[in-house]
Ligand SMILES: Nc1ncnc2c1ncn2[C@@H]1O[C@H](COP(=O)(O)OP(=O)(O)OP(=O)(O)O)[C@@H](O)[C@H]1O
Ligand SMILES: [Mg+2]
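Residue numbers (this note's numbering): 135 to 399.
Below, the structure written as structure tokens:
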């Protein structure tokens, strides 16, 4: 598969009160189109910073980021915003929902940037349904939601435009195991239709859904594990559903644990 994202010598340095912190250092990375790429690494290792740089939400200090053949790192703010609208969906660690809009309107506001009202609404309804956001919840305002509900709304908003790349930072961080599975199943379904997923997580179960796991430490990618795609079974569930998929899932899990032990996780 061709690369959908590449970075060359990507560096990000923050200055705090005169002290420079080199968070990303000459990082070279490739994300294949259609992959489900997982990024792991210690807290504070720069995973969120990397996701912001890859998705054009923030600029590198040095180096380049190329997405879908376009070098985005040197673009103007406007061009970058247009680019993100056309190609990218997001679910970040901090859930940024607009407080003045209802849950449905938060999603519609993003959907209508590129889609038609009737279709966007139907797709929103479908996604809300899948992640257990009821019609009553859809009329609420963000301040009325629980953390896990807000996370699921943010997920729907991020997927509403069927982005070519979906960036998710700890999508299951606020969710119980049942909703984690629902959300991971959805990400996997979306991935199976050809959308690329880049997901940061600390959670082994979530990471096991990826086709490839990258380990970030000290500002660079320290290692990678090729797991191959996880398969959805006939019920649309993957490895944590009972049945034949169990053995394959256990094998993936073992590989992942060994890899992370190697990385010093
Ligand atoms: N805007 C900023 N200004 C200054 N320092 C920052 C900024 N953003 C991040 N940092 C610093 O960069 C480092 C990496 O932060 P980042 O949020 O990328 O880590 P992370 O790997 O996502 O951690 P976690 O797993 O805890 O979410 C941290 O030490 C953080 O304090
Ligand atoms: Mg983070």
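Yeah, the Cβ is synthetic: ideal placement off N, Cα and C, and Gly gets one too. All values reported here derive from a predicted model rather than from experimental measurement.
For residue 246, the three-state secondary structure derived from DSSP is coil.
Taking a cut-off of 7 Å from the heavy atoms of ligand 2, the residues with a C-beta inside it are 181, 182, 227, 303, 304 and 334. Taking one beta carbon from each stretch, the segment 319 to 337 and the segment 156 to 173 have 3 or more pairs nearer than 8 Å; the two touch. Counting only runs of at least 4 residues, the segment 206 to 264 fully encloses the following alpha helix (DSSP H) elements, listed from N- to C-terminal order: 211 to 221, 237 to 245 and 251 to 264. Per the coordinates, the alpha-carbon of residue 300 lies some 5 Å from the alpha-carbon of residue 223. A straight line joining the alpha-carbon of residue 293 with that of residue 151 spans about 38 Å. Judged by DSSP in its simplified three-state form, residue 345 adopts coil rather than helix or strand. Residue 303 is bridged by DSSP to 334. Distances between the C-beta of residue 350 and the heavy atoms of ligand 1 include at least one below 8 Å. Counting along the chain, residue 149 sits inside no alpha helix (DSSP H); it lies in the beta strand (DSSP E) bounded by residues 137 to 150. In the displayed model, residue 396 falls within a helix according to three-state DSSP. The DSSP-derived three-state label of residue 325 is helix. Beyond the five residues adjoining it in sequence on each side, residue 281 comes within less than 6 Å, by CB distance, of 308 in the same chain, given in chain order.
Contact between the segment 270 to 277 and the segment 309 to 321 is absent, with fewer than three C-beta pairs closer than 8 Å. Residue 291 is bridged by DSSP to nothing; it lacks a bridge partner. Residue 159 carries a strand assignment under DSSP once its states are collapsed to helix, strand and coil.
DSSP places residue 192 in no beta strand (DSSP E); its state is neither H nor E.
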